[in-house]
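> The structure's right below; bear with me while I get my questions together.
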Ligand SMILES: [Zn+2]
């Protein structure tokens, strides 16, 4: 290999690397657009699903049964957690020991600290 050939190989390699970097940036840009459209599509699917559920609740089409059941179970769990959160929010936290105390209690049931 002579120096001219070697120099040409280096130049070609540089072009190749440069090209790859540009491709990668383009690919990244496209992947971002792809992810954005995928999330739009997912949101639309979800909206379709919610609409279908609202309009067809009670008339169970066999293919949808497991999903209707999942929605029902998740809804019950969500209600339960919300009730628990509300109950917790209705309580005050003892400044001395950190226990949750009923909002109308005058003293902490765990350590006896006076609540204000
Ligand atoms: Zn306490």
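In this note's numbering, the protein residues as written are 21 to 136. For every residue, glycine included, the Cβ atom is placed at its ideal position computed from N, Cα and C.
Cutting at 8 angstroms between CB atoms, please list the residues of its own chain near residue 119, excluding the five before and the five after it.
113, 128, 129, 130, 131, listed in sequence order.
> For residue 108, I'd like the list of residues in its chain whose CB is within less than 8 angstroms of its CB, leaving aside the five on either flank, ordered along the chain.
Counting only Cβ-Cβ distances below 8 angstroms, and skipping sequence neighbours, we find 120.
> Please work out which residues of its chain come closer than 6 angstroms, Cβ to Cβ, to residue 70, disregarding the five sequence neighbours upstream and downstream, and give them in chain order.
So the list is empty, once near-sequence residues are dropped.
> Suppose the cutoff is 8 angstroms on Cβ atoms and the five residues either side in sequence are ignored; what does the same chain contact list for residue 91 look like?
Around residue 91: 73.
> Grab me the residues of residue 125's own chain with a C-beta within less than 7 angstroms of its C-beta, minus the 5 sequence neighbours each way, in chain order.
Hits under 7 angstroms: 135.
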